[in-house]
Structure formats: structure tokens, C-alpha cells
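Chemist: Take this structure first; my questions come after.
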Amino acid sequence: MEFNFTIALDLLGTFAFAISGIRMASGKQIDWFGAYIIGLVTAIGGGTIRDLLLNLTPFWMLDPKYFLTTGVALITIILFKEKIFKLGGTLFLFDTIGLGLFTVVGLTKSFEADLPIWVCIVMGTVTGSVGGVIRDILLNKVPLLFQKDIYALASLSGGAVYFLLKYFEIDSDVSGILAALTVILFRLIVVRFHIHLPLLKPMER
Amino acid sequence: MEFNFTIALDLLGTFAFAISGIRMASGKQIDWFGAYIIGLVTAIGGGTIRDLLLNLTPFWMLDPKYFLTTGVALITIILFKEKIFKLGGTLFLFDTIGLGLFTVVGLTKSFEADLPIWVCIVMGTVTGSVGGVIRDILLNKVPLLFQKDIYALASLSGGAVYFLLKYFEIDSDVSGILAALTVILFRLIVVRFHIHLPLLKPMER
Amino acid sequence: MEFNFTIALDLLGTFAFAISGIRMASGKQIDWFGAYIIGLVTAIGGGTIRDLLLNLTPFWMLDPKYFLTTGVALITIILFKEKIFKLGGTLFLFDTIGLGLFTVVGLTKSFEADLPIWVCIVMGTVTGSVGGVIRDILLNKVPLLFQKDIYALASLSGGAVYFLLKYFEIDSDVSGILAALTVILFRLIVVRFHIHLPLLKPMER
Numbered sequence: 002m003e004f005n006f007t008i009a010l011d012l013l014g015t016f017a018f019a020i021s022g023i024r025m026a027s028g029k030q031i032d033w034f035g036a037y038i039i040g041l042v043t044a045i046g047g048g049t050i051r052d053l054l055l056n057l058t059p060f061w062m063l064d065p066k067y068f069l070t071t072g073v074a075l076i077t078i079i080l081f082k083e084k085i086f087k088l089g090g091t092l093f094l095f096d097t098i099g100l101g102l103f104t105v106v107g108l109t110k111s112f113e114a115d116l117p118i119w120v121c122i123v124m125g126t127v128t129g130s131v132g133g134v135i136r137d138i139l140l141n142k143v144p145l146l147f148q149k150d151i152y153a154l155a156s157l158s159g160g161a162v163y164f165l166l167k168y169f170e171i172d173s174d175v176s177g178i179l180a181a182l183t184v185i186l187f188r189l190i191v192v193r194f195h196i197h198l199p200l201l202k203p204m205e206r
Numbered sequence: 002m003e004f005n006f007t008i009a010l011d012l013l014g015t016f017a018f019a020i021s022g023i024r025m026a027s028g029k030q031i032d033w034f035g036a037y038i039i040g041l042v043t044a045i046g047g048g049t050i051r052d053l054l055l056n057l058t059p060f061w062m063l064d065p066k067y068f069l070t071t072g073v074a075l076i077t078i079i080l081f082k083e084k085i086f087k088l089g090g091t092l093f094l095f096d097t098i099g100l101g102l103f104t105v106v107g108l109t110k111s112f113e114a115d116l117p118i119w120v121c122i123v124m125g126t127v128t129g130s131v132g133g134v135i136r137d138i139l140l141n142k143v144p145l146l147f148q149k150d151i152y153a154l155a156s157l158s159g160g161a162v163y164f165l166l167k168y169f170e171i172d173s174d175v176s177g178i179l180a181a182l183t184v185i186l187f188r189l190i191v192v193r194f195h196i197h198l199p200l201l202k203p204m205e206r
Numbered sequence: 002m003e004f005n006f007t008i009a010l011d012l013l014g015t016f017a018f019a020i021s022g023i024r025m026a027s028g029k030q031i032d033w034f035g036a037y038i039i040g041l042v043t044a045i046g047g048g049t050i051r052d053l054l055l056n057l058t059p060f061w062m063l064d065p066k067y068f069l070t071t072g073v074a075l076i077t078i079i080l081f082k083e084k085i086f087k088l089g090g091t092l093f094l095f096d097t098i099g100l101g102l103f104t105v106v107g108l109t110k111s112f113e114a115d116l117p118i119w120v121c122i123v124m125g126t127v128t129g130s131v132g133g134v135i136r137d138i139l140l141n142k143v144p145l146l147f148q149k150d151i152y153a154l155a156s157l158s159g160g161a162v163y164f165l166l167k168y169f170e171i172d173s174d175v176s177g178i179l180a181a182l183t184v185i186l187f188r189l190i191v192v193r194f195h196i197h198l199p200l201l202k203p204m205e206r
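Set out below in C-alpha cells:
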């Protein structure tokens, strides 16, 4: 039960991030195969960097389902482009859900590796946000992460909630779900109300 | 015999990729030393990422010959710029040979690490193509890989042939050579006849 | 004594690189949190890649002081922007000091891992210069490293001096300090007198 639940969340997050990567690749003279790779890297990039930092085997080598899910995302986009175009808000929601789920995956995996709490929180943020950074680098843009605080800060807030609940000995699954919801709600609220941190003003040389 | 043959192919691939990196760096206000590093990263980048993913010691740490070969490539370019300019087609051929050889190096190394076949094929593609992606990122361009399918798809096709031949218990060296030839011919044919996959059309936001 | 001395140098280098990253992020529509991350990546990027290549636990996971030092750098910039603006030359000096110190950290750490001398020298250069390369990639620029030889060449010269002194059995601390000074003086002199290697001239396709 718990196992299936985790798998469902993991694949949903993979699907959402793959969609975001493929979508961003569209209209840039990139063919289907290139779009597939951009989607794949967006979906598995954060977890791969996390696993390299933790000296674990990259998760996607152990199971081809992440590659297959990305393939489903590509086919979905090719077949239902028009409908997905209309569902712009839904995509933002999916992307945010992915961030929330992947943050919790990162938190859980580092917690099981017996790392200090602050390292776990960093790993949650890395898992949730680095895929998008790599996507933006490959498409030659200044990563969105650095222009809008919502991404990484939302992920950090989820990490804080996760360990607060663990401290009060809340069940691990419940902590994970509440942490994911925190990330998602945090980002939704911040974007809805145009909240952001101050920008760093220019300094002439 | 087999040993020398492999080394020759490996160094030829290194030389070809180094040339491609140094060449792409030319005319961009980059000095000789910067060009050397771009060439080096193009040549060893794919194999380094592969080794990090497989948790192996990066191959170039075990033997300085990759650094030396890149130095030879730089000197060759500085001395024979005019002639290399005229041999544009030959360079494309060398680059393609490099892709073929490095794909087989990646396939062999992962096969020896007892990885599943699909992971080996991915590693062959990573070994053959990631160096060029890093080169393009360093030079601030959208990686060529994402604009022309030929690169990564050719590499994948070589992986498929490699394991097909292994399945029929063909000798390992022969499989490797035929796989490399597949990659090379695939890319030559695709480019010659302007074959490409459909592009992913734009989606407005 | 030796321990405290090393820590002081390490943190000073971290602070200097964090300042350089945060400063470069200013005026680019990047908020405080984004600037913090750019500063952090500039400071820890080189050492992280070194540790991944050497298959060691990334150094910053073992101690939060690098994250805290970057936070101090961010606060310093926010509070004293005007003054730091006026101290432009001082910043260049700090950045150069960081390069010198981190080169020695990289040399020492790889020497202790029993690597061949040439690999140690490469690791010193990676530790000193890769953080700045990642910073430039994130901010979507052609890395400075490739436009001015001083950075990586200065680092290499420090590595050469370090092992020359080791060969004559000079005390390890003294070797380190002299190597760092070599890097710093090399870069100061080269920049002051506009010395640079020849540029690689364009080749038409």
C-alpha cells in the first residue's frame, strides 16, 4: 500500500517534470528526440545530482520506468498539444506538484542515509529544483530558479515542515504528504499574490 | 593486439573530439590555453560523466595520455590551421568516427560493470555525446545535440547493433567494430540525405 | 595552530568567492535568495566537483560553515553595497586570494588521496576555478576562464611550485603558503601588465 502510493507519487512527479521540459523545448527547432532528452533530464536531473552527492547508484539505473514515463509524456504532448495548451494553469499545478513530491523523495532518501537534518533539507531542494536548472541551462536561459525565489524557497519550507513533524513523532508517510502539500501551497500562494523577496540591485564595476 | 587496437581507437576518438572543441572555440576571443581546456572537456566530458554515474574512477586520472593527445590536437590546429580549414568534411568525418568509437567504449565499459542492457546503451550514448553538450554549454550555445537528432540517435543505433551481435554470440571485438561502423554510417547517411525527425512545434503560453 | 590556520584560509576563500558570485548576480533581476545560491555555488562548486571526481563525500556536507559563511557574504553585500562598490580593486584581490587558497586546498586533499602529481595539480586547478565557471554558466555567459588565461594558468603555476617545494622536502604548511602566494602574485602581475597568451584565431567553416 505505502509502496504503491510512493510509486504513484514518484511517477506523477516524473511525468509532470517531463511535460515541463518538453513544453519548454517546443518551438525551438528541437526535434522529438531532442525534446525527449530535455524532458528526461528535467525529470531525472535533480535526483541524479542528489545520488552522485550521496554516492548512491543513480535511481534511474535501477528501473526503466522513469525513461518510459518520459516517453509517455512525449507522446501525450504530441497527441494532445492543443488541449495541453489550453490547460496552461494545470501544467503549472503539475509542475508544482512535481516539486513537492520530489522534495519529499529527496528528504526521505537522505534521511535514510543518516545525514544531518540540514543536509537532508538541502538534498530535498536539490532533488526538487536542479532538474529545472539543467533544463534552463540546456535551453540557454538564465535559470528561472534564480529569478523567482518561489521554487527553491518553497522546497526549503517543505523540508522544515518535514522535520518539525518528525520531531513530534508524526508517522513518516503523513509527514511526507504534509511536507509535499506545504511546498505546493507555499508556491501557489506566493505566485498567486505576487510575493517575492527583494531583488539584488545592480552594482557598477 | 586487441589491446593496441583499442588504445588506437580510443586515442583517435580523443583526438577527433579535441579538434572539434578547439575548432569551435576559435574566433571567440579565447586564448590557446582556454582552447586547450575546451578541447579537453569535449574529449573527456562524456566518459567522465559515465564514470561518475557508474561510480568508477574517471578514466583520465589513470593515464595522462588523454591530456597529451589534446595537447597534440591543439598544436596541430595552431600549426595547420589553413589545411584543417580546407578539410572541413574530413573533420566532420573524424567527429563522427569519435562518436562511433566512444559509443563502443561506453558500451563495453558498462557491459563489463554488469549493468542491464538498456543502461549500457544509455551509457554508450552518454559517452559519445555528452562531451559535445558540455562544449556547447561552455560556449553558450543551445547544444547541437538537441537540434539535430543524428548525434544521439546514431549512438543509440550502435548500442542496439552491439547487443544484437552479442545475442548471436559474435566475438566481442567484431561486435564493437560493427557497432562503431553502424554509428558512423547512420550519421553519414542521415546527414547526407537531410533526414531528420519532426520538430516539436511551438506552443504559446 | 596549523588547524586553525587552514580553517581561516578556507573560510576566507569561501567568503571571497561567495562575494564574487553574489556581486555578479546583482542587477540581473535575481532576488536575495537566488543571489545566495549563486554565491554558494561559486564558493563550493569547484571543491564539490573535485570530491565527486575523487569519490569523496562533498566537503560541505560535513560542516555547515560554508553555507553560513555564504550567508555572511550576502548580508555583507546587502548592508555595505556602496562601500564594496568603491573597493572594486579589493574585490579582485579577494577573488585572487580565494583562487590561491582553494588551489592549495585542492592540491593538499588530492595529495593525501595518494594521486599522481599531475592529477593533484589538475585537482588544484579544478578546486580553484570550476566554481567560477559554474557561476558564469548559471548567469548565461561564456565563462571568463576561457577568455583570460590568468585564472587557470595561475592555478597551475601554484601546483608546480607546491610539488617543487615538496621535492626539496620543504615543510608542508610552508609549501602550501608559498604555492598560494605564487598563484596570487602570478595573477596580479599578469593582469597588471596585460600579459596574455595568443588568442585562437577564427576559422571559417
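So the protein sequences, as listed, match chains A, B and C. Number 8 in the numbering used here belongs to position 7 of the first sequence; there are no gaps in the numbering. Number 174 in the numbering used here belongs to position 173 of the second sequence; there are no gaps in the numbering. Number 34 in the numbering used here belongs to position 33 of the third sequence; there are no gaps in the numbering. Quick reminder that beta carbons are idealized off the backbone N, C-alpha and C, glycines included.
Kindly indicate which three-state DSSP category D115/B falls into: helix, strand or coil?
Modeler: Position 114 of the second sequence, counted from the start, is the residue given in the question as residue 115/B. D115/B falls in the coil class under three-state DSSP.
Chemist: What's the C-alpha gap between V106/A and A153/A?
Modeler: Against the first sequence, residue 106/A aligns to sequence position 105. Against the first sequence, residue 153/A aligns to sequence position 152. C-alpha separation (whole angstroms): 15 Å.
Chemist: Between H197/C and chain B, is the shortest Cβ-Cβ distance under 9 Å, so that the two count as touching?
Modeler: Along the third sequence, read from residue 1 onward, the residue named residue 197/C stands at position 196. So, interface residue.
Chemist: Residues of chain A with CB under 9 Å from T58/C, in chain order?
Modeler: Residue numbering aside, residue 58/C sits at position 57 when the third sequence is read from its first letter. Simply L54, L55, N56.
Chemist: Could you tell me which residues DSSP pairs with D32/C in its beta bridges?
Modeler: As a first step, residue 32/C is located in the third sequence; it is residue number 31 there, counting from the start. DSSP lists L200/A as partners of D32/C.
Chemist: Measure how close the beta-carbons of G159/C and G101/C come, nearest whole angstrom, since I'm counting them as under 8 Å.
Modeler: One-based indexing of the third sequence puts residue 159/C at position 158. One-based indexing of the third sequence puts residue 101/C at position 100. With a Cβ gap of about 6 Å, G159/C and G101/C count as contacting.
Chemist: Chain A partners of F34/C, CB-CB under 7 Å?
Modeler: For this step, residue 34/C is matched to residue 33 along the third sequence. Ordered by position in chain A, the residues that pass the 7 Å Cβ test against F34/C are D150, A153, L154, L198.
Chemist: If you run the structure through DSSP and keep just helix, strand and coil, what is T58/A?
Modeler: Here residue 58/A corresponds to residue number 57 of the first sequence, with the count starting at 1. Correct three-state label for T58/A: coil.
Chemist: For the alpha helix (DSSP H) that contains F187/A, what are its first and last residues?
Modeler: Counting from one through the first sequence, the residue named residue 187/A turns up at place 186. Segment 173-193, the alpha helix (DSSP H) holding F187/A.
Chemist: Evaluate I196/B with the Cβ neighbour count: other Cβ atoms within 10 Å of its Cβ, from every protein chain shown; 16 or more gives buried, anything less gives exposed.
Modeler: Along the second sequence, read from residue 1 onward, the residue named residue 196/B stands at position 195. Exposed, because fewer than 16 other Cβ atoms sit within 10 Å of the Cβ of I196/B.
Chemist: Going along chain B in order, which residues have a C-beta closer than 8 Å to the C-beta of G28/A?
Modeler: On the first sequence, residue 28/A is found 27 positions in, with the first residue counted as 1. Ordered by position in chain B, the residues that pass the 8 Å Cβ test against G28/A are L201, K202, P203, M204.
Chemist: Is it the case that the Cβ atoms of S27/A and R136/A are separated by a distance below 9 Å?
Modeler: As a first step, residue 27/A must be located in the first sequence, where it is residue number 26. As a first step, residue 136/A must be located in the first sequence, where it is residue number 135. The answer is no: Cβ separation not under 9 Å.
Chemist: Counting only Cβ pairs nearer than 7 Å, list the residues of chain B close to P144/A.
Modeler: For the purposes of this step, residue 144/A is identified with residue 143 of the first sequence, where counting begins at 1. Under the 7 Å cutoff, chain B gives no residues; its nearest Cβ is about 12 Å from P144/A.
Chemist: With C-beta atoms as the reference, is L200/A less than 9 Å away from I23/C?
Modeler: Numbered from its first residue, the first sequence carries residue 200/A at position 199. Numbered from its first residue, the third sequence carries residue 23/C at position 22. No, the Cβ-Cβ distance between L200/A and I23/C is not below 9 Å.
Chemist: For Y37/A, count the other beta carbons within 10 Å of its own beta carbon; 16 or more makes it buried, fewer makes it exposed. Which is it?
Modeler: For this step, residue 37/A is matched to residue 36 along the first sequence. Result: buried.
Chemist: What are the boundary residues of the alpha helix (DSSP H) that F158/A is part of?
Modeler: Within the first sequence, the letter at position 157 stands for residue 158/A. Just to set this straight, residue 158/A is Ser in the shown sequence, not Phe. Unbroken alpha helix (DSSP H) run through S158/A: 151-168.
Chemist: Counting only C-beta atoms, is T15/A closer than 9 Å to chain B at any point?
Modeler: One-based indexing of the first sequence puts residue 15/A at position 14. It does not: the Cβ of T15/A has no partner Cβ on chain B nearer than 9 Å.
Chemist: When the distance is taken between beta carbons, is P59/A closer than 9 Å to W119/B?
Modeler: Along the second sequence, one-based indexing puts residue 119/B at 118. Along the first sequence, one-based indexing puts residue 59/A at 58. Against a cut-off of 9 Å, the Cβ pair of P59/A and W119/B comes out as no contact.
Chemist: Report yes or no: do three or more beta-carbon pairs, one from the region 158-174 of chain B and one from the region 125-141 of chain B, lie closer than 8 Å?
Modeler: Yes: the two stretches touch, three or more of their Cβ pairs being nearer than 8 Å.
Chemist: At which residues does the alpha helix (DSSP H) containing F68/C begin and terminate?
Modeler: Numbered from its first residue, the third sequence carries residue 68/C at position 67. First-last of the alpha helix (DSSP H) with F68/C: 66-80.
Chemist: Would you list, in chain order, the members of the region 118-147 of chain A that have their beta-carbon closer than 8 Å to a beta-carbon of chain B?
Modeler: Residues I138, L139, L140, N141.
Chemist: Examine chain C for any beta-carbon lying closer than 9 Å to the beta-carbon of T49/B, and answer yes or no.
Modeler: As a position in the second sequence, residue 49/B is number 48, starting the count at 1. Yes - at least one Cβ of chain C is within 9 Å of the one on T49/B.
Chemist: When DSSP labels each residue in this structure, what does V131/A get in the three-state scheme?
Modeler: Reading the first sequence from its first residue, position 130 is the one you call residue 131/A. Three-state result, V131/A: helix.
Chemist: Out of F95/B, G40/B, F112/B, which one is the CA nearest neighbour of L140/B?
Modeler: The count along the second sequence starts at 1 and reaches residue 140/B at position 139. The residue with the shortest Cα to Cα distance from L140/B is G40/B.
Chemist: Identify whether A44/A lies in helix, strand or coil by the three-state DSSP scheme.
Modeler: If you number the first sequence from 1, residue 44/A lands on position 43. The answer is helix: DSSP assigns A44/A an H, G or I state.
Chemist: Determine, using beta carbons only, whether M2/C comes closer than 9 Å to chain A.
Modeler: The residue given as residue 2/C occupies position 1 in the third sequence. Residue placement at M2/C is poorly supported in this model, since its pLDDT is 41, which falls under 50; the coordinates still yield a value, given next. No, M2/C lies away from the interface with chain A (no Cβ there is under 9 Å from its Cβ).
Chemist: With 9 Å set as the bound, which would you pick, yes or no: does the beta-carbon of K82/C sit closer than that to a beta-carbon of chain A?
Modeler: Translated into positions along the third sequence, residue 82/C becomes position 81. Taking Cβ atoms only, chain A reaches closer than 9 Å to K82/C, which makes this a yes.
Chemist: Going by DSSP in three states, K110/B sits in which element: helix, strand or coil?
Modeler: In the second sequence, counting from the first residue as 1, residue 110/B sits at position 109. Three-state DSSP puts K110/B in a helix.
Chemist: CA-CA distance, W61/C and L108/A?
Modeler: Residue mapping note: residue 61/C aligns to position 60 of the third sequence, counting from 1. Residue mapping note: residue 108/A aligns to position 107 of the first sequence, counting from 1. Those two C-alpha atoms are separated by around 17 Å.
Chemist: Quick check: the Cα distance between T49/A and Y67/C, rounded to an integer number of angstroms?
Modeler: Locating residue 49/A in the first sequence gives position 48, where the first residue counts as 1. Locating residue 67/C in the third sequence gives position 66, where the first residue counts as 1. Rounded to whole angstroms, T49/A to Y67/C spans 23 Å at the Cα level.
Chemist: F187/B: which of I138/B, I122/B, T97/B, V143/B sits nearest, CA to CA?
Modeler: Start at 1 with the first residue of the second sequence, and residue 187/B comes out as number 186. Nearest C-alpha to F187/B: T97/B.
Chemist: Which residues of chain C have a Cβ atom closer than 8 Å to the Cβ of L116/A, listed in chain order?
Modeler: Along the first sequence, read from residue 1 onward, the residue named residue 116/A stands at position 115. Simply M62.
Chemist: Could you tell me whether the Cβ atoms of T104/B and T15/B are closer together than 9 Å?
Modeler: What you label residue 104/B is simply residue 103 of the second sequence in a count that begins at 1. What you label residue 15/B is simply residue 14 of the second sequence in a count that begins at 1. It is not a contact, given that the beta carbons lie outside the stated cut-off.
Chemist: Checking 9 Å against the spacing of the C-beta atoms, do F95/A and A17/A come in under that value?
Modeler: As a working mapping, residue 95/A is identified with position 94 in the first sequence. As a working mapping, residue 17/A is identified with position 16 in the first sequence. Yes, the Cβ-Cβ distance between F95/A and A17/A is below 9 Å.
Chemist: Just how far apart, CA to CA, sit V42/C and V134/C?
Modeler: For the purposes of this step, residue 42/C is taken as the residue at position 41 of the third sequence. For the purposes of this step, residue 134/C is taken as the residue at position 133 of the third sequence. Distance between the alpha carbons of V42/C and V134/C is about 10 Å.
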